[in-house]
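With numbering that gives the first Met the number 0, the residue at position 211 of the sequence shown is 210, and numbering never jumps.
Glycine included, each C-beta is placed from N, C-alpha and C at the ideal position.
Treat the numbers as computed from the prediction; the structure is a model and nothing was measured.
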Amino acid sequence: MSQTPTALTARQRKKREEIIEIASEMFLREGFGRTSMDQIHARLGGSKRTLYSHFPNKESLFHTIVERISGRVFAALQPKPAEGAFERALFRMGYEYLSVLLSSEGIALYRIMTAEAHHFPELSRDFFERGPAVASKGLAHFFEANQTVGNLVTSDAQTAAEQFLGAVRGDVHLSAVLAGKQPSQAVLREKVACAVRLFTRTPGIEEASDFPA
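#1: Valine 167 to glycine 93, Cα distance in whole Å?
#2: On a Cα-Cα basis, can you pick out the residue from Pro182, Lys13, Ala160 that is closest to serine 102?
#3: Is the stretch 63-70 touching the stretch 30-42, taking contact as three or more C-beta pairs under 8 Å?
#4: Go ahead and label leucine 187 buried or exposed: buried means 16 or more other beta carbons lie within 10 angstroms of its beta carbon, across all protein chains shown.
#5: Looking only at its own chain, which residues have a Cβ that is under 6 Å from the Cβ of leucine 100, when we skip the five neighbours before and after it?
#6: Can you give the Cα-Cα distance for leucine 138 and methionine 25, rounded to whole angstroms?
#7: On a CA-only basis, which of Ala84, Ile19, Phe119, Leu197 is nearest phenylalanine 54? Give me that one, please.
#8: Please say whether leucine 27 and glutamate 233 have beta carbons closer to each other than 8 Å?
#9: Using 10 angstroms around the beta-carbon of alanine 9, count the other beta-carbons present and answer buried if the total reaches 16, otherwise exposed.
Here it is, written out as C-alpha cells:
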C-alpha cells in the first residue's frame, strides 16, 4: 500500500516528488504501456523497496500524475474572489483552461490517453472522470450561480459548461496535438473571447484586447 503524502516525513516527501518527476517525464515521453516500474527504478536508483513503498504499481503512479495535471485544469476553472464581471471571469477561466491544455504536459497526456484507450480502457475512464468530467462540473457550478442574475444564455448549466469548453478548445487544441502547431497569444485570446461572447447575454466586449491577460 502506498503512503499518503500527509503521513510522510520531509525526506520521504522529497523522494516521492522525485519519483513523480521522473515518472512524469517517462510516461509523457514514452507512453503508459511502454514505461515499466523497472525503467523508472533504473532512473531513480536506490532500493526498489523505496519506489514500491510510495507506489505499489505503475497504475497508482500514473493516476497521481493524471490527478496533478487535471488539478491544474480544475483550478483554472475556479472563479477568483472579486474577479469582476461575469464575462471577464469566464474569459479568465477559458484562457487558463486552454493554456493548460496547450502546455507540453497537457498535450503529451492527451496523446497518451488517446493512444492507450483501447489497451487500457479502465485507465482512460479514470482519466476522463478525474479530468474532463471534473472540469465541466466545476464550470457548471459557476454557470448555475450566474443563472439567477441572468448572465447565462441557457438554463442548462451542465450542457453550457461542456459546450463552452468545447468552443474554447475548437480546432486549436487538436491542431497542437496532431500537427504540433501552437497558437500565438493573440490568437489564443481571440478564440477564448469568441467563446465567451457565445455564452453571455451582454456581448458588449467586442475585442479580445478588452479582456484582462
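Let's see:
#1: 6 Å
#2: With distances taken between Cα atoms, serine 102 lies closest to Pro182.
#3: Segments in contact, no.
#4: buried
#5: Setting aside the 5 residues that flank it on each side, leucine 100 is surrounded in the same chain by His172, each with a C-beta closer than 6 Å to its C-beta; the list follows chain order.
#6: 31 Å
#7: Ile19
#8: Lying outside 0 to 212, the shown extent of the chain, residue 233 is not represented and no answer is given.
#9: exposed
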